[in-house]
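J.: Got a structure for you, written out below as structure tokens; questions coming shortly.
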Amino acid sequence: MHKTQAEALEFLQVLKLELEEADETRGVVLCAPFTALGTMSKSLHGGLIRLGAQNIHWEDSGAYTGEIAGAMLTEIGVEYVVVGHSERRQYFGETDETANLRVIAAQRHGLTPILCVGETKSQRDAGETETVIINQVKRGLVDVDQRNLVIAYEPIWAIGTGDTCEASEANRVIGLIREQLTNKAVTIQYGGSVKPDNIDEIMAQPEIDGALVGGASLDPVGFARIVNYR
């Protein structure tokens, strides 16, 4: 819940300048608040940056106050949508089952869902990481087309806490996620205190295809450094 429309456009102007020399094979998706999506879409035609939303409802319309439908997103040029983010699970009652319904809805509307999975500190301390992750993946992907999918592993204990998941450990868990998939080529990202000073090590890991960036994405210069990892 960051940036008004005006602030989002200001951010975008700086980011586009910073990415003028970026490797064209890098994929950049900005998942902005609903209010900023229409305004940002008009400024993004034909560039490196794609637009994503932060949520989608599983029904195409109806009395679901505060939710948003797939057609409302595609109409304004949105191509991706985050589903099952840890904050949605923690604060708004998202479950593996409702996340699954949202993933299916996203695909029905031609959107690429970014399904988030991850364990809490208590689950990790209890040695339950593998079981939790495998269950989240399996429940989240029931009847899902794995040809149009991104998965993000975000250890909840490493988000905004200052605790960082070692790159090698993130790589191990992401490898475990890949083992559960029928399509091994699915893009799997790491998310959890990703910053300009650790992105190079994260992206050097063989199983990690990208990053789901939180707070560090709010500064366009720092975010551009993440996109331009070395």
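Residue numbering for the sequence shown follows full-length UniProt numbering, starting at 1 and increasing by one per position.
Backbone N, C-alpha and C define an ideal beta-carbon position, used for all residues, glycine too.
Only a predicted model underlies this, so the values are computations on that prediction, with no experimental measurement involved.
1) Can you tell me whether T161 is helix, strand or coil according to DSSP?
2) Would you mind sorting N171 into buried or exposed? The rule is 16 or more other CB atoms within 10 Å of its CB.
3) Compare the Cα-Cα distances from R230 to each of D23, A6 and K3 and report the closest residue.
4) If distances are taken between C-alpha atoms only, which option among L17, L51 and V137 comes closest to T95?
5) For Y91, count neighbouring C-beta atoms within 10 Å of its own C-beta (all shown protein chains included) and say buried if the count is 16 or more, exposed if not.
6) I need the straight-line Cα distance from M40 to A8, nearest angstrom please.
7) Would you mind reading off the limits of the beta strand (DSSP E) that contains T112?
8) Looking at the structure shown, is L19 part of a helix, part of a strand, or coil, going by DSSP?
9) State the Cα-Cα distance for the pair E101 and A204, rounded to the nearest angstrom.
10) Along the chain, where does the alpha helix (DSSP H) containing V144 start, and where does it finish?
11) Mapping DSSP to helix, strand and coil, what is G215?
12) With a 10 Å radius around its C-beta and 16 neighbouring C-beta atoms as the bar for buried, classify H45 as buried or exposed.
13) Count the other CB atoms, across all protein chains shown, that sit within 10 Å of the CB of R88; report buried if there are 16 or more and exposed otherwise.
14) Can you check which of these residues, V186, G47, Q180 and G222, is closest to L149 by C-alpha distance?
15) Taking the beta carbon of N55 as the centre, do at least 16 other beta carbons fall within 10 Å, making it buried, or is it exposed?
16) Give me the Cα-Cα distance between R178 and K184, rounded to the nearest whole angstrom.
17) Thinking I188 and D209 are a contact (beta carbons under 8 Å), I'd like their distance in whole angstroms, please.
18) Kindly indicate which three-state DSSP category A152 falls into: helix, strand or coil?
T.: Per the coordinate set shown:
1) coil
2) buried
3) D23
4) V137
5) exposed
6) 7 Å
7) T112 to V117
8) coil
9) Before going on, a small fix: residue 101 reads as Leu here, not Glu. So the alpha carbons of these two residues sit roughly 33 Å apart.
10) No alpha helix (DSSP H) contains V144, which DSSP labels as neither H nor E.
11) helix
12) exposed
13) buried
14) V186
15) buried
16) 6 Å
17) 5 Å
18) strand
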